[in-house]
Amino acid sequence: QAKYGPGASAKEIKLGQTMPYSGPASAYGTIGKVQQAYFRKVNEEGGVNGRMINLLSVDDGYSPPKAVEQVRKLVEQDEVLALFQTLGTPSNSAIHKYVNAKKVPHLFLATGATKWNDPKNYPWTMGFNLSYQTEGAIYGRYLLKNKPNAKVAILYQNDDYGKDVLAGVKQVLSGANAKMIVAEATYEVTDPTVDSQILTLKASGADTFINITTPKFAAQAIRKVYDSGWKPLHLLNNVGASVGSVLTPAGLDKSIDIVTVQYYKDATDPQWKDDPAMLEWRAFMARYYREGNVEDASNIYGYIAAQAMVQVLKQCGNDLTRENVMKQAANLKNFKQSLLLPGITLNTSPTDFAPVDQAQLSKFNGKQWVLFGDVIGGN
Amino acid sequence: MSSPLLQVRGLHAYYGSTHVLHGIDFEVRQGGITTILGANGAGKTTTLRAMCGMVRTQGDIILGGDRIDGKPTESIVRMGVAHVPDGRGTFLNFTVEENLRIGAYTRKDKAGVQADYERMFNYFPRLRERRRQQAGTLSGGEQQMLAVSRALMLQPRLLLLDEPSFGLAPRIVQELFEIFREINQASGISMLLVEQNAALALRLADHAYLLETGRVVISGSAESIRNDESVRRSYLGY
Amino acid sequence: MDLLIHQVLSGLATGGIYASVALALVMIYQATHLVNFAQGEIAMFATYLAWTLMQAGVPYWGAFFITVAAAFVGGVILERVVIRPVENGPILSLVIVFIGLLVIFNSVAGWIYSYTIKPFPSPFPTQPLFGNTYVTSHELGSAGVTLTVLLLVFLFFRFTPLGLAMRAAAQNPVSSRLVGVRVGWMLALGWGLASAIGAVAGIMVAPIVFLEPNMMGGILLYAFAGALLGGIDSPGGAVLGGFVVGVLENVVGVYLGTELKLTVALVIIVGVLVVRPAGLFGKVHVARV
Amino acid sequence: MQEPRAQALLEVTGVTVRFGGITALDGVSFKVMRGTIAGLIGPNGAGKTTLFNCLSRLYGFSEGEILFEGKPLTDTPPHGIAALGIGRTFQNLALFRTMSVRDNVMLGGHARSASGFLSNALRLPHVQREERQLGARASQVIDLLDLQAVAATPVADLPFGTQKRVELARALMSQPKLLLLDEPAGGLNHEEVDGLRLLLRRIQSELQLTMLLVEHHMNLVMRVSDQVIALDFGRKIADGTPAEVRENPDVVRAYLGVEA
Amino acid sequence: MDQPPVSSVTPPAAVPAKLRAMGTRQLLLLGMLVVVACVLPFVLGNYRVFQLTLALAYAIALLGLNMLTGFNGQISLGHGAFYAIGAYTAAILMDKAGFPYWATIPVSGVVCLVAGFLFGLPALRLEGLYLALATFALGVAMPQILKHKSLEHWTGGAMGVVIVKPDAPEGIPLSQDQWLYFFTLAWALLLFWVAWNLLRGRVGRALVAIRDQPIAAQAMGVNTAIYKSLTFGVSAFYTGVAGALGAIAVQFVAPDSFTIFLSLTLLIGVVIGGLASISGAIYGALFIQFVPNIADQISKAAPWAIYGVFLILFMYVMPSGVAGMVKMLRHRLSRSK
Ligand SMILES: Nc1ncnc2c1ncn2[C@@H]1O[C@H](COP(=O)(O)OP(=O)(O)OP(=O)(O)O)[C@@H](O)[C@H]1O
Ligand SMILES: Nc1ncnc2c1ncn2[C@@H]1O[C@H](COP(=O)(O)OP(=O)(O)OP(=O)(O)O)[C@@H](O)[C@H]1O
Ligand SMILES: [Mg+2]
Ligand SMILES: [Mg+2]
């Protein structure tokens, strides 16, 4: 006997999300588009347990008030079964309380803040990304282990994301080790370049550089570090580690020996060129999302998240109530997605609302990322 | 008798939906000077504006055989019509010199322009003193001199003068009308003159029209108008 | 001290970016007495055109000149088609149209070209000049290009009747028509020239900041500030203003921290303007009664 | 008790104004007696409007002093001049172009009313009273200047001559003691100038106004003024009765021309 | 020329019909509008009511901006900053100082009044584009200031502040959304009434006079400096109240809610609604509240492009805004009768 909550029926499962299709963060809009494309594919192939997925993806312009409005529309008027991958820390913060009060599954948020993993207080909200803090902490531990006398300079984006990664680093480099950080600089997304910041950091005498920036600024920073003759140990955050859209523009030769943390495959990294999962993804892109850019890592990220969502719905079987969706979401057991790096799986439990909490370090060799060390993290 | 340079028949003019001129006829002889008299608000300025396409009109306006009604202002100007507008139309942020240079914008003869330049300064020595001054800081009368000079720099066939004596000292007014007479005689420039100093205007002009609320009520030679009883009372004061 | 020199030089390099866009703003200001907020996005779009041409195999300078010419024509068409219907409307209506254009160009560029950054080639050698690490040869070269354009703009406004007519049309359209200036075409010409200058700016900026739809977003504010700081009716002042803003921003960043460097730089600029309301080199136009 | 010597309402002593190299006013001194009309004449650019602008405190002056009712003007900010009792019109029209004639005139009463932001926002009873009084007075002034027909028209749509009258109305609305008129007869025909002359006289006697009148219309100046002052190149060249000034050879040469 | 005698003494009691008072027809229309506004929340879903609440808050902000830009001629490209200050003041007072929501509104307004007035003082020296730059800079800088570490304790930095939505007072059977709607409506009515008072009398004339011809305004006794900076203050007051109301409705404030796009959006609202028009604020608010959603529905690929096209088309059809259009139509209608 099938059970249906709001937004679910024998034919259809309605999901909702807000995306910045307009406004300053419209670069991320592609995540929503690739997910719509993926669900189209799933539907063409028969849907999930015979039901079509209908993703209502609406624009919030990266503005929290608009997100509140749109989410209320999705919940109250469209009556979606669950929210999926609403994007951005500010937007999700704005609806956090509301969706929990309304008991709407608020799944796989497209943001890396740590606070989404709080099942006790917010049992209806579950993040997705490797949390920014976790990533920062990995860099911190890496330094403690490999370069305990490092003099660290940090560049970070002056927003929740940058501050979160920074917090992760500082969480490890605390106490006596806090002295290791000798310089910090911020930039705004509207800054034309970060050249000036790099010069300041270089002048601090640091021998290690933690680069917490988004693609454009990552590329600028890599180039400027090299051009200014600074030769630090360069730790680059995952957001800016795409071979195709960051390292290539910056100059591959200028990127040698950069270290990053990864958890899914980089479509522009030549080592995955013939990887079957990557070939499958490319075929999908060519068929369902032609206008999408295959160099854009967001299109891989969104694809993985969509697959996770489908997995949850599959697990729900015929019990498509909000309670069950939440229950199944909190019951991912070693879900393997082939675009994740080898050895990395998605895991959740009623006390663990962080699907991705594993990652691996890798170093750039001038051509491709070379994974090294073990898979880190996991509970 | 030579054919008219400017011939206007059944001219109506409108501001938005306000009907201001109600079918007026008049002409300016080739090389002649015609003056339009009328009370405050009669439509004199509007008539001049109509001549160069600055207001919406109906009716025929013929300049030297070509219809110019409905043409854009700049095209009419390029056919040799210069206008000293009411309010002077000074380019306030330009210097005096730049104002004169822009006045000669349509002319190609560099030497002639240079000569005219000097001529203007001879007409109005005051402007020479102020040649590099921002025109917006000139006194009212100085700006009026500049407006007349700017129009003359165009070397027009027809000069439209909207109260050219406005704000000028009596001595300058006399000189100005001398200049008009001289220009008219020397280069045969025709003029359509609106002037509150009717005595002066009628002395300069050969023909005159009296406008009342957008209609021509009296017309004739300047001579005959000067002797008209009602004109005398209202405009000449004797 | 070494840091300061580095920062000043790096500030001059970014200042060069602001200067080139500021110059385009001055151009459009001279022609319309307005600041076109879409100017940056037009430049960005033109740069994508150059990129497309180069992808199609057109050599650098070919793509450069085709783009500049196309930007000119595009600017003229934009004015005649999009702006003309509101030309005589209230100024703020025009500003809204500019904002409309801004979001259209930005959004369409993202749609066509996606948001991932693209490297853009420089016509200047990749080796740093004289082996220094202070400024790249591209930064020097593009500053040279900006100064060349400045010279041309200066000569245009100073010595050609067309330049005079353009300023006249912006200042007093009614009187301009009365001296035979074709006001509509002057505006269109102004848009054309501003777009062309914008295209040059975009092509010079893209190698530094990378090509992407939002590349001009932040720059526009600084360019606007630079143009006003120098005096919006003075091409030379605007270029200088651009450089000053670049240096100021860097120096503030070093001494007061990066978090508020934009804010502090803007406060200083506005402060200067409060003292000199027409900018450093702008002509003070006296309004009298 | 009346003082033996009639008191000067306005006393200008040695006022000098320079703009860069130009000396627009050069040590100008004169007095205007209460209740009289003084004409101020002089060639274009002689400094007449500049003098008005000094009286309105729009221009500062480098030397000299201006006393109004015996007190120096420099103590008063530009926006305080109207309240002191100096009203003016502008040579080149300075009307509020989008506002109706009536609103322009009402604004003329700004200095004679006092309600502020807060009381206006709440439209307290005294604000309503004040508005009513202003409105009534505006109606009178509009009637006086024959502007009833266009009272609701935006001034930008009016012919020049009418706009000049609106300026006069606006100035009268401030109930000035001293009225500065900068070429009020501009754009008026003979008959209209005559009307203006009678009007000025009437205003002057009924409102006990003192006027300083800049005008190039000699007929008007000479007939309406009690005193005429002539400037040339910023300097005073004559000061006396109309008859005296008219005969002054300097005035004739610099200003009137041969056949004045 | 025989005119009635001029007299400067008090006028006769008989005053010509009050030109500026509302006609009965207009009063009726207004009454109907208020009735409709009161009925709406009972026929619409909570989500729609919430949207209307936001629109009302915007209308208040637009009215404030219109006073400054439309009536007084001072262009502001940065009014989002005052909206932000209002919103944050309310949020912080509720979150940190335990203020009841209703008490935060006037405080937010007053804080903005002071901020606006203080900003308006140096801005006096700036005109046209220069003022535009200064205000633009304010709008750009505000998010950065809000997330600066020295204020983080109060503002919550980049994470913002979450606030609790108020319930209807005991005994009033309204949902939270309905209650907040009426609360906002009450403020809107009050502030529209105040604006109408302000703009039709002595102060309003002075504002417009300053815009049209500042020198003459001064010569007529208007203290332009005080008027301009006070207008800045009052305008910021309105916008701040709107920000506070908006924040309570959204239950959240963060720097990203108040980017420069908010400022531009407010300007768009003012111009689309109609410059120098009180009713324009309502049209403009409806536009900025609802049109972006329409654009989003038309195209996910480039909703901004659609929005941009809307903006341009609106300006073609109504160069003087919706209010200007309405006025023209009314004029036509009354003429053709
Ligand atoms: N821009 C305008 N909009 C509407 N009506 C106007 C406009 N300009 C003038 N009018 C009207 O047209 C009529 C004629 O005005 P016009 O300026 O031609 O008069 P005029 O004879 O030149 O008067 P004056 O001697 O005062 O200059 C007047 O009734 C005036 O109200
Ligand atoms: N702001 C200024 N900057 C430079 N020069 C000025 C300024 N204001 C006035 N002048 C000059 O001062 C002189 C006096 O001007 P003013 O306006 O007082 O003359 P006026 O006597 O009123 O003349 P008119 O009868 O022509 O109106 C003029 O030559 C003018 O060019
Ligand atoms: Mg006229
Ligand atoms: Mg004068």
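Residue numbers (my numbering), protein chains in the order written: chain R, 203 to 581; chain V, 846 to 1083; chain E, 14 to 302; chain S, 328 to 587; chain P, 2 to 338. The beta carbon of each residue, even a glycine, is placed where N, CA and C say it ideally should be.
- prompt: Can you name, in chain order, every residue of its own chain whose Cβ lies under 7 Å from the Cβ of L163/E, other than the five neighbours on each side?
  reply: Cβ within range, chain order: L36, P248, G249 and V252.
Q: Express the C-alpha separation of Q1030/V and V873/V in angstroms, rounding to a whole number.
A: Here the alpha carbons of Q1030/V and V873/V stand approximately 15 Å from one another.
*C-beta contact flag for G193/E and E919/V at 7 Å*: Yes, the Cβ-Cβ distance between G193/E and E919/V is below 7 Å.
| said: Nearer than 6 Å: is that true of the beta carbon of K563/S relative to any heavy atom of ligand 2? | reply: No, since every heavy atom of ligand 2 falls outside the 6 Å radius drawn around the Cβ of K563/S.
Neighbour list for M95/P in chain R, Cβ cutoff strictly below 7 Å = One finds nothing in chain R with a Cβ atom closer than 7 Å to the Cβ of M95/P; even the nearest lies about 14 Å away.
If you draw a straight line from the alpha carbon of L192/P to that of F183/P, how long is it in whole angstroms? If you draw a straight line from the Cα of L192/P to the Cα of F183/P, it comes to about 14 Å.
Requested in this report: Answer yes or no: the CB of F487/S versus the heavy atoms of ligand 3, is any distance below 6 Å?
Outcome: Checking the Cβ of F487/S against ligand 3 gives yes.
Residues of its chain near A18/P, where Cβ-Cβ distance is below 8 Å and the 5 sequence neighbours each way are ignored:
With a pLDDT of only 34 at A18/P, under 50, the local geometry of the prediction cannot be trusted, and the value read off the model is given with reservation. The answer is none, since no qualifying residue turns up.
- Item | Proximal chain R residues relative to H19/E, where beta-carbon distance stays under 7 Å | For H19/E, the residues of chain R that pass the 7 Å Cβ criterion are L401, in the order they occur in the chain.
When burial is assigned at 16 or more other CB atoms within 10 Å of the CB, is F871/V buried or exposed?
Counting Cβ neighbours within 10 Å, F871/V comes out buried, since at least 16 surround it.
Practice task
Just mark A485/R as buried or exposed, buried being the case when its beta carbon has 16 or more other beta carbons within 10 Å.
Solution key: The residue is exposed, with fewer than 16 neighbouring Cβ atoms inside 10 Å.
key: Minimum Cβ-Cβ distance from F294/E to chain V less than 7 Å   = Any Cβ of chain V closer than 7 Å to the Cβ of F294/E would place that residue at the interface, and such an atom is absent.
- Pair within 7 Å by beta-carbon distance, L337/S and V359/S: Contact flag set, yes.
_Strictly by DSSP, which residues pair up with V44/P?_
Answer is none; V44/P lacks a bridge partner.
Is K375/S near ligand 4, in the sense that its beta carbon is under 6 Å from a heavy atom of that ligand? Yes, ligand 4 has a heavy atom inside 6 Å of this Cβ.
Quiz item: Where does P478/R land, buried or exposed, given buried means 16+ other C-beta within 10 angstroms?
Solution: Exposed is the call here.
#### Entry: Nonlocal neighbours in the same chain, by C-beta distance under 6 Å from A581/S, ignoring five residues either side
Only P370 and D559 meet the Cβ criterion.
Margin query: Judging by CA-CA distance, which residue of M68/P, A210/P and M160/P is the nearest neighbour of Y89/P?
Written below: It is M160/P whose Cα lies nearest to the Cα of Y89/P.
Sequence-distant residues of the same chain with beta carbon closer than 7 Å to N73/P, five excluded per side: Closer than 7 Å at Cβ, skipping near neighbours: L208, I211, R212, K229 and T232.
**Request:** Compare the C-alpha of G205/P against each of V36/P, L30/P, N67/P and T25/P and name the closest.
**Result:** Nearest C-alpha to G205/P: N67/P.
Can the beta-carbon of K299/R be found less than 7 Å from the beta-carbon of V277/R?
For K299/R and V277/R, no; Cβs fall outside 7 Å.
Can you list, in chain order, the residues of its chain whose CB lies under 7 Å from that of S1075/V, leaving out five sequence neighbours each side?
Taking S1075/V as the centre and dropping the five residues before and after it, the same chain places no C-beta closer than 7 Å to its C-beta.
Exercise for review: Could you tell me which chain A residues have their CB closer than 7 Å to the CB of E278/R, listed as they occur along the chain?
Suggested key: Of the protein chains in the structure, R, V, E, S and P, none is chain A.
Q) Three or more C-beta pairs closer than 8 Å, one from the region 237–254 of chain P and one from the region 55–62 of chain P: is that the case here? A) A contact exists between the region 237–254 of chain P and the region 55–62 of chain P.
I want to verify the contact list: residues of chain V whose CB lies under 9 Å from the CB of G519/S, in sequence order. The residue you asked about is not Gly; residue 519/S is Glu in the sequence shown. A884, N885, Q1041 and S1079, listed in chain order.
**Prompt:** Does any heavy atom of ligand 1 sit closer than 6 Å to the C-beta of T316/E?
**Reply:** Outside the displayed span of chain E (14 to 302) sits residue 316/E, for which this structure offers no information.
- CA-CA distance, K322/R and D554/R? So the alpha carbons of these two residues sit roughly 10 Å apart.
* Asked: Which whole-angstrom value describes the C-beta separation of Q473/R and S564/R, a residue pair presumed to lie in contact below a C-beta threshold of 8 Å?
  -> With a contact defined as Cβ atoms closer than 8 Å, Q473/R and S564/R miss out at about 10 Å.
Assigned exposure category for F85/E - 16 Cβ within 10 Å defines buried: By the 10 Å Cβ count, F85/E comes out buried.
When you measure from the CB of G985/V to every non-hydrogen atom of ligand 5, does any distance come out below 6 Å? Among the ligands modelled here, namely ligand 1, ligand 2, ligand 3 and ligand 4, ligand 5 does not occur.
Of all the CB atoms in chain P, is at least one closer than 7 Å to the CB of R484/R?
So, not an interface residue.
task: Starting from E919/V, follow the alpha helix (DSSP H) in both directions and report where the run begins and ends.
output: Looking at the DSSP string, the run of the alpha helix (DSSP H) that includes E919/V is T918 to R923.
- Query: So, helix, strand or coil for N256/R, using DSSP?
  - Reply: Note: N256/R maps to strand in three-state DSSP.
inquiry  = Just checking: is the beta-carbon of W155/P within a distance shorter than 7 Å of some beta-carbon in chain R?
reply    = At a cut-off of 7 Å between C-beta atoms, W155/P does not count as an interface residue with respect to chain R.
Unbroken beta strand (DSSP E) run spanning I364/S, endpoints: Counting along the chain, I364/S sits inside the beta strand (DSSP E) bounded by residues I364 to I368.
Handout entry: Assigned exposure category for T863/V - 16 Cβ within 10 Å defines buried
Key = With a 10 Å radius around the Cβ and a threshold of 16 neighbouring Cβ atoms, T863/V comes out exposed.
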